[in-house]
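Residue numbers (our numbering): -1 to 325. Here a beta-carbon is modelled for each residue, glycine too, at the ideal position from N, C-alpha and C. Everything on this sheet refers to the single structure shown next.
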């Protein structure tokens, strides 16, 4: 079997699904995660338990920002030639309450990964996760990778944009094979409890009101998890795109290319649940981008990326998982 692939944040939402897809296609996966309490660690443990059913999966509880511990871990495994870096402190709104984990996890954590990969012999590819939030105050839609991204509306977005700039410097200095992926509002089974699909479903099923910011005047390019994983693996399999001579390392939007109105998203969820949500309309929340919409032409051309899951199917799949998981 080929050398194992390192997946950071393996107990997270996207990390779990990415690891599972790699294992299902016969890869060996080494996962790390610090299992922090940003949301219920039991959900993270349940994801890990599902991954442990695969014989070629191993896991170490580890904080990616702990450089000495990461060095020892790296040496123990004789390094990694393929790395998918998904570990990060997520959440736009939480960054307003507690900013420091974003610097520790997102900036220092990525610095550690870059340094370890820089000294790795025969590094084949480093994939890292960015976000649609980096487009910030941009108003030209759809968002294209060539647009400027220097007006972040949240610290979370600023840290992820800093990752892109850090990656660019390492690409330029060391010709490292690096690729960035800008994820657009990912949802689906095993999703994060702080995301809208999860929060709304929980509230509706418990007859609790849902909070709707900016009076519902928002649109999101909701992207189903399987489509995100498809794009990530297609990127992993194409390290030849990162070649010396290119001015910039490749960065791709991964989105559904369908900006859904928030109220339409809620209506679809209500229809799927067979229940009507109690709604509280609130003003615009600081840090929120009003609208996201991905231009995925570059990913389609270079990676063969093509999202296939419509919103009604994706929501149905999420609700089926939620009701099964929480019985």
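Rounded straight-line distance, which links the Cα of residue j to that of residue i
| i | j | result |
| --- | --- | --- |
| residue 326 | residue 127 | Because the chain spans -1 through 325 in this model, residue 326 falls outside it and cannot be assessed. |
| residue 154 | residue 89 | 7 Å |
| residue 221 | residue 227 | 10 Å |
| residue 95 | residue 156 | 15 Å |
| residue 172 | residue 297 | 24 Å |
| residue 286 | residue 91 | 8 Å |
| residue 70 | residue 312 | 40 Å |
| residue 123 | residue 130 | 22 Å |
| residue 49 | residue 79 | 21 Å |
Cβ-based neighbour list, residue i, same chain, cut-off 6 Å, excluding 5 preceding and 5 following
| i | result |
| --- | --- |
| residue 52 | 21 |
| residue 114 | 72 |
Close-in-space but distant-in-sequence residues of the same chain around residue i (CB under 7 Å, 5 per side omitted)
| i | result |
| --- | --- |
| residue 63 | 102, 103, 106, 107, 110 |
| residue 315 | 186, 187 |
| residue 193 | 185 |
Close Cβ partners of residue i (< 8 Å) along its chain, the five nearest in sequence each way excluded
| i | result |
| --- | --- |
| residue 255 | 140, 219, 291, 292, 293, 294, 305 |
| residue 211 | 280, 281, 282, 283, 286 |
| residue 38 | 191 |
DSSP-derived helix/strand/coil call for residue i
| i | result |
| --- | --- |
| residue 58 | strand |
| residue 3 | strand |
| residue 177 | strand |
| residue 159 | helix |
| residue 40 | helix |
| residue 29 | strand |
| residue 269 | helix |
| residue 292 | strand |
| residue 116 | helix |
| residue 128 | strand |
| residue 212 | helix |
Proximity winner among the options, relative to residue i (alpha-carbon distances)
| i | options | result |
| --- | --- | --- |
| residue 308 | 185, 199, 298, 5 | 185 |
| residue 326 | 98, 312, 322, 14 | Because the chain in this structure spans residues -1 to 325, residue 326 falls outside the shown range and cannot be described. |
| residue 217 | 209, 258, 61, 196 | 258 |
| residue 46 | 273, 18, 68 | 18 |
| residue 35 | 231, 260, 273, 190 | 190 |
| residue 82 | 224, 320, 176 | 176 |
| residue 277 | 247, 288, 251, 201 | 201 |
| residue 117 | 67, 168, 93 | 168 |
| residue 300 | 235, 272, 264 | 235 |
| residue 260 | 247, 223, 271, 209 | 209 |
Residue environment, residue i, which counts as buried when at least 16 other CB atoms sit within 10 Å
| i | result |
| --- | --- |
| residue 206 | exposed |
| residue 262 | exposed |
| residue 146 | exposed |
| residue 11 | buried |
| residue 244 | exposed |
| residue 42 | buried |
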